[in-house]
Amino acid sequence: MLFLSSRKEKKCELNNCRPVSLTCTVCKIFESVVSDNFLEHFKQNKYFSDRQFGFLKGRSTVTQLLSMLDDWTELLESGGRIDVIYTDLKKAFDKVPYLRLISKLYSYQVNEEIILWLESFLIGRKQRVKIDEVM
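According to the numbering used here, the sequence shown is numbered sequentially starting from 84.
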């Protein structure tokens, strides 16, 4: 397991490191198949909002910015007002509440065998940091 930090943070501080798992080719292919099936299930059941961007083919964050710019331009031209709140979701994926995620997957009627497989992968895992042969 490798640990990476962002360019802005000090690499020698453990709190700035996040785990990166190295997996074999078979695991990567399996992950891709499962991910594609999740996306198809969510699309078929219309679980994605029209305002969902990022991590979807054809709906990147650039597409979202262009859409917002178009909406804002139209609003300003009609004499409207715009208020914007920006948030920083730095390290958001490091803080996913796995039990809540599993619960939501059941509510979205995802195949139970897939949920149990994901649960066994996500819950009860431990990690450790090793720097210069010291743990």
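The C-beta atom is built at its ideal place from N, Cα and C for all residues, glycine as well.
{"Check": "Looking at the structure shown, is Ile198 part of a helix, part of a strand, or coil, going by DSSP?", "Outcome": "helix"}
{"Check": "Within the continuous alpha helix (DSSP H) that includes Thr146, where are the two ends?", "Outcome": "144-160"}
{"Check": "Are the beta-carbon atoms belonging to Phe138 and Phe131 less than 7 Å from one another?", "Outcome": "no"}
{"Check": "Give every residue of the same chain whose Cβ lies closer than 6 Å to the Cβ of Leu188, excluding the five residues on either side of it in the sequence, and list them in chain order.", "Outcome": "Ile198"}
{"Check": "Rank Lys173, Asp153, Leu172, Ala175 by C-alpha distance to the C-alpha of Ile165 and give the top, closest one.", "Outcome": "Asp153"}
{"Check": "Measuring straight from C-alpha to C-alpha, what distance separates Lys140 and Asn120?", "Outcome": "14 Å"}
{"Check": "Within the same chain, show all residues whose beta-carbon is closer than 8 Å to that of Gln135, passing over the 5 residues directly before and after it, in chain order.", "Outcome": "Arg142"}
{"Check": "Between which residues of its own chain and Gly162 is the CB-CB distance below 7 Å, once the five residues before and five after are set aside?", "Outcome": "none"}
{"Check": "Look at the Cβ atom of Tyr169, then the Cβ atom of Ile206, and state whether they are nearer than 7 Å.", "Outcome": "no"}
{"Check": "Measuring CA to CA, which of Asp133, Val167, Glu157, Leu159 is closest to Gln147?", "Outcome": "Asp133"}
{"Check": "Could you tell me the alpha carbon to alpha carbon distance between Asn128 and Ser190, rounded to whole angstroms?", "Outcome": "12 Å"}
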